[in-house]
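Residue numbers (the numbering used here): 3 to 628. For each residue, glycine too, the CB sits at the ideal point set by N, CA and C.
Here it is in C-alpha cells:
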C-alpha cells in the first residue's frame, strides 16, 4: 500500500509542467557542497592565463600555455585551452622546464573553446578571487543541463514516468560529479546544454515543420562545438534521429543532416586553420590527423567506456592497472556488455525510441575514444543510456508486449534491470557522497608528485628532480606554488620519470649518467599480477602525452637545452632510453641547484627528499616502486 502511494505521488510530480525546472534546482542543491572546494589542477593554469597581472616568473610566459597577452579577452579566447601548436612552442616549453626533455618536437595539444573561455574570462573580470562563485557558475550550467535533458526525455517519450525516471538517473549519475565539481571542465556543461537544445529544435523542425527551429538547430550545434570538441556528439543524436525517429523519405532524412554536417565541416576547417588539434603523443588522438591510431583506440576504449556507463567501476580505473590486470579486466567487460545487449534486444527490436537512445549512446562513445577512458567524458552517452534504461524498467513493470513471456528469458531480464537500477540509484547516490572524499584524496596524491618538500626560497634556484614519478603535473607546478604563496623556482627540470630502480653515476664535474637497472627509463614493470589500481600506472599513462610509442629514440641522440645537453646512451628494442647522460653548464655542486629525489611507497604513493650528489666516479642506487 505504501509503495502504491509513493508510486502515485511520483507519477503526479513527474507529470507536472514545472517538473523539469524543479529537477534543475534539485541538481544544483545536490552539488552545493562543491562550492567550497577551491581550485584543482587546470584551474590554476587558467588562473595564471586569465588574470591581468603576472603571477609566475616571466620565463614561463611566451607559449599558448601562458601567452604574452595573458589576461586579455583575445588571449583568453585563443589560448585558454591551448598548450602547444608549433615546434617553437614545444621548444619554449622544454626550455622553461614545463615539458620534459623527451617531449616530441612534433607534439601538438591545442583545443579551441572560445565560448567556454569567454565564460572563464568573465569570471576573472567579475570575481577573480572567488573560486566559490566560479563553482556556483558551474552549478548554474549543470542545473540548466538537467532541466533541458528532462524536457528532451519528455519530448521523446512523452510526459510519462519513464521520462522522469531517465532524468532522475541522469541527475544523480556519479559520472557527472567531477565535470560539475571541476571549474575547468565547464566546457562540457556548456556543450551539453547547447547540444540538447539543438536536438529539441531539430525535433520541432522535423515533426512540426518549424523552419525557425530548423535554422536554430545548426546554430546551437555551432555553440556546442565552440564550447568544446565533444560537442560533435550532437551529430550522433541527430544521425540516430534521422535513422530511427524521422518518418520522412530516405532522401529527406539524409538532407535533414546537411545543415549540421556543413556546420561541423566549417568548424573543423577553421579549427585546423588556426593550428588547433592534437598529435605527436599517445594521450590524445586527433581522428582527422591520425585515423588509423584512432580506429585502433576505438576497438580498445569503446567497450571500457560502455562498461563505465553501465557498471559502478569507472572507466578511469582501467588506466590505473598493469597490462596483466587490463587483460583480465577486458574479459568480464565483454561478457557483461554482451549480456546487457541480449537482455534489451527484444526492446530494441520492438521500440524505435529505445533504438534511438541505443544508437545515440553508441555513437556518442566514438568521439571520446580519442583520449584515455574517463567517465567524465560519458555525459553525452549517458543521455541515451538512461533513456534506454528507463524505457526498459518501466516496460518491465508495465508488462509491455516486448517483455518475454517465458520465465527462462524474463527472469534474467528482471535481474539485469534490478542490477542496473541498484547500480544507478543507491550505488550512484553513495558514490556521489564518496566522490568528494575520493577527489580530495586523489588531489593530495597527485599534488604530492610536485610538492617540493620543506624547500628554502627557490626563486633564484633551478630545481632538479632526479626521478619524478609524474612529469606531466610539473606543467602546473609553478601555478600551484604561486597560488599557495610559495616561492616559484626560476626553473625546474625532470631528469627521468623514475619508474625503475636507477643507477645514478657522476661521470664528471658537470655530468651525470642515469641508467635503468631493469627495463627502460620510460617504462613500468608490467609483470605484477596485482589486480588493484596503482597510481604508478596512471603516471605512466599521463607520460604518453609527451611522446607516443611511434617515435623511438636512438643511441647517440641529443637534446640541447640552454642549461644542459641530454644524450641518450642506449635504448631497448622499442627505442626507449635505458641510459642517459646529462651535461650541465655548471658544476653539479653549484648552490644554485636544488636536487630532489622521489621515495616510493605502496600503490604509487611517496614523497620528495633532498638528493645528495655523489662525488666524481661514484654511483648511487635509487630504488624503484616495486
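*asked:* Rounding to the nearest angstrom, what Cα-Cα distance links residue 147 and residue 191 in this structure?
replied: Residue mapping note: residue 147 aligns to position 145 of the chain shown, counting from 1. Residue mapping note: residue 191 aligns to position 189 of the chain shown, counting from 1. Roughly 7 Å separates the two Cα atoms.
*4-residue-minimum alpha helix (DSSP H) runs that sit fully inside the region 275-326, ordered along the chain*: 293-312
*Give the range of the beta strand (DSSP E) segment to which residue 533 is assigned.*
The sequence position of residue 533 within the chain shown is 531, counting from 1. It is not in any beta strand (DSSP E) - residue 533 carries neither H nor E in the DSSP assignment.
*Assess, as a yes-or-no matter, whether the region 111-120 is touched by the region 276-296 under the definition of 3 or more beta carbon pairs within less than 8 Å.*
yes
_Coil, strand or helix - residue 497 by DSSP_ = To locate residue 497, count along the chain shown from 1; it is residue 495. Strand at residue 497.
*Helix, strand or coil for residue 608 per DSSP?*
Here the question's residue 608 lines up with position 606 in the chain shown. Residue 608 falls in the strand class under three-state DSSP.
_For a test of your reading of the model: does the CB of residue 102 fall under 6 Å from any non-hydrogen atom of the ligand MN? Yes or no._
Absence of the ligand MN is noted for the structure shown, with no ligands found whatsoever.
_Spatial neighbours of residue 26 within its chain, please: C-beta separation below 7 Å, excluding the five flanking residues on both sides._
Here residue 26 is taken as the residue at index 24 of the chain shown, counted from 1. Result list for residue 26: 145, 146, 148 and 149, in chain order.
*Among 370, 52 and 230, which residue has its Cα nearest to the Cα of residue 127?*
Translated into the one-based positions of the chain shown, residue 127 becomes position 125. Nearest C-alpha to residue 127: 52.
*Should residue 367 and residue 304 be called a contact, given that it needs their Cβ atoms to be closer than 7 Å?*
Position 365 of the chain shown, counted from the first residue, corresponds to residue 367. Position 302 of the chain shown, counted from the first residue, corresponds to residue 304. Going by C-beta atoms, residue 367 is nearer than 7 Å to residue 304.
*asked:* Below 8 Å on the Cβ atoms is my contact criterion, and I expect residue 558 with residue 570 to pass it. Report the Cβ-Cβ distance as a whole number of Å.
replied: Your numbering for residue 558 matches position 556 in the chain shown. Your numbering for residue 570 matches position 568 in the chain shown. At roughly 7 Å, the Cβ-Cβ gap stays under 8 Å, so residue 558 and residue 570 are in contact.
_Given residue 271 as reference, the closest of 291, 98, 281 and 594 once Cα atoms are compared_ = By 1-based counting over the chain shown, the position of residue 271 is 269. Ranking 291, 98, 281 and 594 by Cα distance to residue 271 puts 291 first.
*Use the C-beta contact count for residue 256: other C-beta atoms within 10 angstroms, 16 or more gives buried, fewer gives exposed.*
Sequence index remark: in the chain shown, residue 256 carries index 254 (1-based). That one is exposed.
*Exposed or buried, residue 446, counting other C-beta atoms within 10 Å across all chains shown (16 or more means buried)?*
Stepping through the chain shown from its first residue, residue 446 is reached at position 444. Result: exposed.
*So, residue 172 versus residue 384, is the Cβ gap smaller than 7 Å?*
Numbered from 1 along the chain shown, position 170 holds the residue referred to as residue 172. Numbered from 1 along the chain shown, position 382 holds the residue referred to as residue 384. A contact, by the Cβ cut-off of 7 Å.
*Buried or exposed: residue 596, going by 16 or more other Cβ atoms within 10 Å of its Cβ?*
Looking up residue 596 in the chain shown gives position 594. Under this definition residue 596 is a buried residue.
*Could you check how far apart the C-beta atoms of residue 238 and residue 362 are, in whole angstroms? I think they sit under 8 Å.*
As a first step, residue 238 must be located in the chain shown, where it is residue number 236. As a first step, residue 362 must be located in the chain shown, where it is residue number 360. The Cβ separation is near 5 Å, so the contact holds.
*Helix or strand or just coil, what does DSSP make of residue 556?*
If you number the chain shown from 1, residue 556 lands on position 554. Note: residue 556 maps to coil in three-state DSSP.
*Excluding five sequence neighbours on each side, which residues of the same chain lie with their C-beta closer than 8 Å to the C-beta of residue 117?*
Residue numbering aside, residue 117 sits at position 115 when the chain shown is read from its first letter. Within the same chain, residue 117 has close Cβ partners 192, 225, 228 and 229.
_C-alpha distance - residue 422 paired with residue 246, whole-angstrom precision_ = Taking the first residue of the chain shown as 1, we reach residue 422 at position 420. Taking the first residue of the chain shown as 1, we reach residue 246 at position 244. Straight-line Cα distance between these residues: approximately 25 Å.
*Have a look at residue 592 and residue 463 and give me their C-alpha separation to the nearest angstrom.*
Taking the first residue of the chain shown as position 1, residue 592 is located at position 590. Taking the first residue of the chain shown as position 1, residue 463 is located at position 461. So the alpha carbons of these two residues sit roughly 10 Å apart.
*When burial is assigned at 16 or more other CB atoms within 10 Å of the CB, is residue 606 buried or exposed?*
As a working mapping, residue 606 is identified with position 604 in the chain shown. The residue is buried, with at least 16 neighbouring Cβ atoms inside 10 Å.
*Determine, using beta carbons only, whether residue 431 and residue 624 come nearer to each other than 7 Å.*
The residue given as residue 431 occupies position 429 in the chain shown. The residue given as residue 624 occupies position 622 in the chain shown. No; because the gap between Cβ atoms is not below 7 Å, this pair is not in contact.
*Which of the three DSSP states, helix, strand or coil, is assigned to residue 620?*
Looking up residue 620 in the chain shown gives position 618. Three-state DSSP puts residue 620 in coil, outside helix and strand.
*With C-beta atoms as the reference, is residue 63 less than 7 Å away from residue 70?*
In the chain shown, the residue the question calls residue 63 occupies position 61. In the chain shown, the residue the question calls residue 70 occupies position 68. Yes, Cβ-Cβ distance for residue 63 and residue 70 is below 7 Å.
*Using 8 Å as the threshold, is the region 610-624 in touch with the region 537-548, meaning 3 or more CB pairs across them?*
no
*Are there 16 or more other CB atoms within 10 angstroms of the CB of residue 294, so buried, or fewer, so exposed?*
One-based indexing of the chain shown puts residue 294 at position 292. So residue 294 counts as exposed.
*Are there 16 or more other CB atoms within 10 angstroms of the CB of residue 3, so buried, or fewer, so exposed?*
Taking the chain shown and counting its residues from 1, one reaches residue 3 at position 1. With a pLDDT of 45 at residue 3, under the threshold of 50, the modelled position of that residue is not reliable, and the figure given next carries that caveat. Exposed, by the Cβ-count rule.
*asked:* Checking 7 Å against the spacing of the C-beta atoms, do residue 82 and residue 138 come in under that value?
replied: Here residue 82 refers to the residue found at position 80 when the chain shown is read from its first residue. Here residue 138 refers to the residue found at position 136 when the chain shown is read from its first residue. Their beta carbons are not under 7 Å apart, which means residue 82 does not touch residue 138 by this criterion.
*Could you pull the start and end residues of the alpha helix (DSSP H) that residue 200 belongs to?*
The residue given as residue 200 occupies position 198 in the chain shown. Start and end: 188-210.
*Rounded to whole angstroms, what's the CA-CA distance from residue 331 to residue 572? Just pull it up for me.*
Looking up residue 331 in the chain shown gives position 329. Looking up residue 572 in the chain shown gives position 570. Their backbone Cα atoms lie some 35 Å apart in a straight line.
*Determine contact between the region 97-110 and the region 159-168, defined as no fewer than three beta-carbon pairs at a distance below 8 Å.*
no
*Coarse secondary structure for residue 511, derived from DSSP in three states*: To locate residue 511, count along the chain shown from 1; it is residue 509. Coil, per DSSP.
*Please report the residue range of the alpha helix (DSSP H) in which residue 255 lies.*
If you number the chain shown from 1, residue 255 lands on position 253. Its alpha helix (DSSP H) spans residues 252-258.
_Neighbourhood of residue 392 by C-beta distance below 6 Å, restricted to the same chain and skipping five residues each side_ = Translated into positions along the chain shown, residue 392 becomes position 390. Excluding positions up to five away in sequence, the list reads 164, 167 and 168.
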